[in-house]
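Enquirer: Numbering (my numbering), first residue to last: 1 to 255.
Even glycine gets a Cβ: it sits at the ideal position worked out from N, Cα and C.
Dumping the structure here so I can ask a few things about it.
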Amino acid sequence: MDHRTAIITGAADGIGWAMAQVFARAGHAVLLADLDGEKAAARAAELGPRHLSAAADVTSEDDVTALAALAAESFGGCDVLVNNAGIADRHLPTLEQDMAHFSRVLDVHLKGTFLVSRAIGAGMLKVGTGAIVNIGSIAGVAGMPRRNAYGAAKAGIVAMTRSMACEWAGQGVRVNAIIPGYVETDLVATLIADGKLDATRLRRRIPMGTLARPEDIAEAALFLASPQARYITGTTLNVDGGWSAFGDSGDASPG
Ligand SMILES: NC(=O)c1ccc[n+]([C@@H]2O[C@H](COP(=O)([O-])OP(=O)(O)OC[C@H]3O[C@@H](n4cnc5c(N)ncnc54)[C@H](O)[C@@H]3O)[C@@H](O)[C@H]2O)c1
């Protein structure tokens, strides 16, 4: 796979950084795009000389246009795009939620996934090959109190995944989504530290009894982006330790 190139958004940290490492190890040249350009640059340097970085806000059309131009100039195009950039919601009661944060959460996840897919997808369609992997969440498929914007954004990402997959299926471009459960990242660690998530109760709700490691999500993305997944498009892959499968009363595991 050593000719392959991948753009990963939100690659400076958490799941995105794990993806950058996993894709690089599998032979991809990786372009790490992140709001935090300095951190993305340091991460790219850590991976080695053939990897690149870009400071880019996925909600900015100008930044995304520049990102696509950089990929075209430096990589001659892009085989894989992972739309991973994301922010948490505030877990406030609905009546206390403000429009500014609601809109920002929708913008980063939904508008960001759309803008980057449109810009990078254009190049993929031109050469007639490419794979896009979007990142959803279990919050987009099951009702989680106080998570209106995040849940709606993630549900929207799944709808957009199916829509683009069907539009581009005959043109060589596959589009799929991963639905991660709870993943051990700084984002989740902060929610636990702030008392917004209870780690013990979380683990009891997961049949496998543990949170995912960022690498678990990264390996699933690598598969969906790989030629081995050539006949898979428009699908969602749950990587959640059985969370979505559990429907019994009480705990799913001792935790
Ligand atoms: N951690 C989990 O349990 C979990 C579960 C389900 C889904 N997810 C999703 O996985 C993705 C990654 O989450 P994470 O836990 O690694 O988060 P994280 O906060 O550790 O990393 C997110 C990265 O995205 C970047 N980012 C944020 N806004 C951006 C923007 N507008 N433009 C470009 N980059 C931006 C941040 O700078 C950061 O580097 C997100 O889409 C998140 O919703 C996470």
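If we ignore side chains and look at the alpha-carbon of each, how far apart do residue 57 and residue 249 end up?
Expert: Walking along the sequence shown from the start, residue 57 turns up at place 57. Walking along the sequence shown from the start, residue 249 turns up at place 249. Straight-line Cα distance between these residues: approximately 42 Å.
Enquirer: With distances taken from CA atoms, which of 235, 214, 215 is nearest residue 224?
Expert: As a first step, residue 224 must be located in the sequence shown, where it is residue number 224. Nearest of 235, 214, 215 to residue 224, Cα basis: 235.
Enquirer: Can the beta-carbon of residue 176 be found closer than 9 Å to that of residue 94?
Expert: What you label residue 176 is simply residue 176 of the sequence shown in a count that begins at 1. What you label residue 94 is simply residue 94 of the sequence shown in a count that begins at 1. Not closer than 9 Å, so no.
Enquirer: Skipping 5 residues on each side, what residues in its chain have a beta carbon closer than 6 Å to that of residue 47?
Expert: Numbered from its first residue, the sequence shown carries residue 47 at position 47. So the list reads 24, once near-sequence residues are dropped.
Enquirer: For residue 233, name the three-state secondary structure that DSSP assigns.
Expert: What you label residue 233 is simply residue 233 of the sequence shown in a count that begins at 1. Note: residue 233 maps to coil in three-state DSSP.
Enquirer: Leaving out five residues on either side along the sequence, give the residues of the same chain with a beta carbon under 6 Å from the beta carbon of residue 4.
Expert: For the purposes of this step, residue 4 is identified with residue 4 of the sequence shown, where counting begins at 1. Contacts found: 28, 79.
Enquirer: By alpha-carbon positions, which one of 15, 141, 254, 11 ends up nearest to residue 220?
Expert: Position 220 of the sequence shown, counting from 1, holds the residue named residue 220. Ranking the options by Cα distance to residue 220, first place goes to 15.
Enquirer: Anyone know if the C-beta pair for residue 85 and residue 66 falls short of 9 Å?
Expert: In the sequence shown, the residue the question calls residue 85 occupies position 85. In the sequence shown, the residue the question calls residue 66 occupies position 66. No, Cβ-Cβ distance for residue 85 and residue 66 is not below 9 Å.
Enquirer: In whole angstroms, what is the alpha-carbon distance linking residue 256 and residue 222?
Expert: Given that the chain is displayed from residue 1 to residue 255, the structure contains no residue 256 and the question cannot be resolved.
Enquirer: Return helix, strand or coil for residue 34, following the three-state DSSP convention.
Expert: Here residue 34 corresponds to residue number 34 of the sequence shown, with the count starting at 1. Note: residue 34 maps to strand in three-state DSSP.
Enquirer: So who's on the other strand from residue 83, going by DSSP bridges?
Expert: On the sequence shown, position 83 is the one that residue 83 refers to. Looking at the DSSP assignment, residue 83 forms a beta bridge with 134.
Enquirer: Helix, strand or coil: which one does DSSP assign to residue 249?
Expert: The sequence position of residue 249 within the sequence shown is 249, counting from 1. Note: residue 249 maps to coil in three-state DSSP.
Enquirer: Is it right to say residue 230 is buried, meaning 16 or more other beta carbons lie within 10 angstroms of its own, or is it exposed?
Expert: Your numbering for residue 230 matches position 230 in the sequence shown. Exposed: under 16 other Cβ atoms inside 10 Å.
Enquirer: Leaving out five residues on either side along the sequence, give the residues of the same chain with a beta carbon under 6 Å from the beta carbon of residue 246.
Expert: In the sequence shown, counting from the first residue as 1, residue 246 sits at position 246. Hits under 6 Å: 207, 252.
Enquirer: With a Cβ-Cβ cutoff of 9 Å, do residue 255 and residue 200 count as a contact?
Expert: The residue you call residue 255 lines up with position 255 of the sequence shown. The residue you call residue 200 lines up with position 200 of the sequence shown. In contact: residue 255 and residue 200 (Cβ atoms closer than 9 Å).
Enquirer: Which first and last residues belong to the alpha helix (DSSP H) in which residue 117 is found?
Expert: For this step, residue 117 is matched to residue 117 along the sequence shown. 112-127 is the extent of the alpha helix (DSSP H) around residue 117.
Enquirer: Report the rounded CA-to-CA distance for residue 136 versus residue 172, giving the unit in angstroms.
Expert: Residue 136 sits at position 136 when you count from the first residue of the sequence shown. Residue 172 sits at position 172 when you count from the first residue of the sequence shown. Each residue's Cα considered, the two are about 23 Å apart.
Enquirer: For the 8 Å Cβ check, are there 3 or more pairs between the region 236-245 and the region 136-150?
Expert: Judged by Cβ distances under 8 Å, the region 236-245 makes contact with the region 136-150, as three or more pairs qualify.
Enquirer: Alpha carbon to alpha carbon, what distance is there between residue 205 and residue 242?
Expert: For this step, residue 242 is matched to residue 242 along the sequence shown. For this step, residue 205 is matched to residue 205 along the sequence shown. C-alpha separation (whole angstroms): 9 Å.
Enquirer: How many Å lie between residue 1 and residue 60 at the Cα?
Expert: For the purposes of this step, residue 1 is identified with residue 1 of the sequence shown, where counting begins at 1. For the purposes of this step, residue 60 is identified with residue 60 of the sequence shown, where counting begins at 1. Legend: pLDDT at residue 1 = 43, less than 50; position of this residue unreliable, value from coordinates given subsequently. Spanning the two alpha carbons is a distance of roughly 31 Å.
Enquirer: Could you check whether the Cβ of residue 84 sits closer than 8 Å to any heavy atom belonging to ligand 2?
Expert: Ligands present in the displayed structure are limited to ligand 1, and ligand 2 is not among them.
Enquirer: Does DSSP put residue 52 in a helix, in a strand, or in coil?
Expert: On the sequence shown, residue 52 is found 52 positions in, with the first residue counted as 1. Correct three-state label for residue 52: strand.
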